[in-house]
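If you read the sequence shown in my numbering, its first letter stands for residue 151, the second for the next number, and so on. Structure first, commentary second.
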Amino acid sequence: MIHFIGAGPGAPDLITVRGQRLMAQADCVIYAGSLVNPQLLEGIKAGCRVLNSAAMTLEEVIDAMACEEAAGHDTVRLHTGDPSVYGAIREQMDRLDRLGIPYEVVPGVSSFCAAAAALGAEYTLPGVSQTVVITRMAGRTPVPQREGIASLAAHHATMVVFLSAGMLEGLSRELLAGGYEPDTPAALVYKASWPEERVVRCTVATLPQAGRENGIHKTALVLVGDFLGEEYERSLLYDPGFSHGFREAKKP
Numbered sequence: 151m152i153h154f155i156g157a158g159p160g161a162p163d164l165i166t167v168r169g170q171r172l173m174a175q176a177d178c179v180i181y182a183g184s185l186v187n188p189q190l191l192e193g194i195k196a197g198c199r200v201l202n203s204a205a206m207t208l209e210e211v212i213d214a215m216a217c218e219e220a221a222g223h224d225t226v227r228l229h230t231g232d233p234s235v236y237g238a239i240r241e242q243m244d245r246l247d248r249l250g251i252p253y254e255v256v257p258g259v260s261s262f263c264a265a266a267a268a269l270g271a272e273y274t275l276p277g278v279s280q281t282v283v284i285t286r287m288a289g290r291t292p293v294p295q296r297e298g299i300a301s302l303a304a305h306h307a308t309m310v311v312f313l314s315a316g317m318l319e320g321l322s323r324e325l326l327a328g329g330y331e332p333d334t335p336a337a338l339v340y341k342a343s344w345p346e347e348r349v350v351r352c353t354v355a356t357l358p359q360a361g362r363e364n365g366i367h368k369t370a371l372v373l374v375g376d377f378l379g380e381e382y383e384r385s386l387l388y389d390p391g392f393s394h395g396f397r398e399a400k401k402p
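Take a look at the structure:
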């Protein structure tokens with residue numbers, strides 16, 4: 151069995167209980183060494199084979215999985231954050247399907263959740279935004295034209311931009327072209343949940359300057375939207391005048 155496991159955003163105690171248990175039982179761990187905190191490997195059993203996928207191709211990863219499966223071993227494929235977000239797991243699962251090798255996916259805490267925690271923020275504030283757009287700038291990996299930053303920015307929803315901290319000049323231009331005001335709140339969250347975590351608050355217009363002044367050009371999320379501001383409406387869920395299946399509205 152191959153276990154695709156979300157390692158969480160960085161802090162070793164943010165992996166799930168299930169993920170930690172499977173890690174401790176694994177005969178082989180293939181981990182994304184460029185992103186996963188190596189402290190997560192401290193709990194593996196003696197004799198466990200450890201491979202760093204940062205230096206491997208897809209074909210080499212699948213070959214390693216197939217060899218371990220043929221030997222009757224359990225393999226953990228450890229991805230940063232949650233595997234479903236920029237994890238490149240679909241291509242691995244399709245290859246395993248063709249080889250008849252069983253697998254499962256164990257979800258993890260994504261860095262966009264850790265970034266909100268670092269900011270003490272709520273992405274879905276009533277009266278501000280009820281939609282979270284998770285996206286990235288086009289770089290060496292292209293983005294479908296219909297999903298350009300300016301097109302998505304036109305919705306004025308909460309935006310979480312991955313893999314784009316090295317392109318802040320272009321990102322700022324695209325956000326402004328999409329209709330965000332220059333003073334729209336923004337933030338850079340570097341290595342959310344790691345010991346070296348840093349939070350830099352700025353605006354859409356000052357994103358490039360904030361990155362330069364703080365030396366942030368990779369391993370950071372860019373958060374954009376009025377959810378970072380001060381104004382919002384109270385939630386109806388806990389309003390005394392609001393009835394739902396568990397509580398009757400209270401009279402003034």
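Ideal Cβ placement from N, Cα and C applies to all residues, glycine included.
Discussion item. Taking only three categories from DSSP, how would you classify A370?
Written reply: strand
Worksheet item: Going by C-alpha distance, which of I251, S385, E363 is nearest T225?
Response: I251
Discussion item. Just to confirm my understanding: we take T274, look at its own chain, exclude 5 residues before and 5 after, and list those with CB closer than 8 Å. What are they?
Written reply: Q280, T281, V282, T308, F377
Fill in: DSSP three-state assignment for R362, whether helix, strand or coil
helix
Worksheet item: Skipping 5 residues on each side, what residues in its chain have a beta carbon closer than 8 Å to that of H306?
Response: S279, G329, Y330, G375, D376
Worksheet item: Is the beta carbon of E404 sitting closer than 8 Å to the one on P358?
Response: Beyond the ends of the chain as shown, which are 151 and 402, falls residue 404; an answer cannot be given.
Worksheet entry | Contact check, S322 vs V349, beta carbons under 8 Å | no
Worksheet entry | Classification of S261 by the beta-carbon crowding that lies within 10 angstroms, buried from 16 upward | buried
Worksheet entry | Under 8 Å between C-beta atoms of A157 and T230 | yes
Worksheet item: Can you tell me whether DSSP reads F377 as helix, strand or coil?
Response: helix
Worksheet item: Between the region 240-258 and the region 155-174, do at least 3 Cβ pairs fall closer than 8 Å?
Response: yes
Item to complete: Take L228 as the anchor and find which of Y181, K341, G222, L313 has the nearest alpha-carbon.
Response: Y181
Worksheet item: Which residues share a DSSP beta bridge with T225?
Response: I152, C178
Item to complete: Would you mind stating whether L246 and V310 have Cβ atoms separated by less than 8 Å?
Response: no
Fill in: F312 - containing beta strand (DSSP E), residue span
308-312
Practice prompt. Would you mind working out which of L249, I155, G277 sits nearest E209, comparing C-alpha positions?
Written response: L249
Discussion item. Let's test the definition: count the other Cβ atoms within 10 Å of the Cβ of G395 and tell me whether it reaches 16, buried, or not, exposed.
Written reply: exposed
Fill in: Residues bridged to G231 [DSSP beta-bridge criterion]
G158
Practice prompt. Along the alpha helix (DSSP H) that carries L269, what are the first and last residues, could you check?
Written response: 261-269
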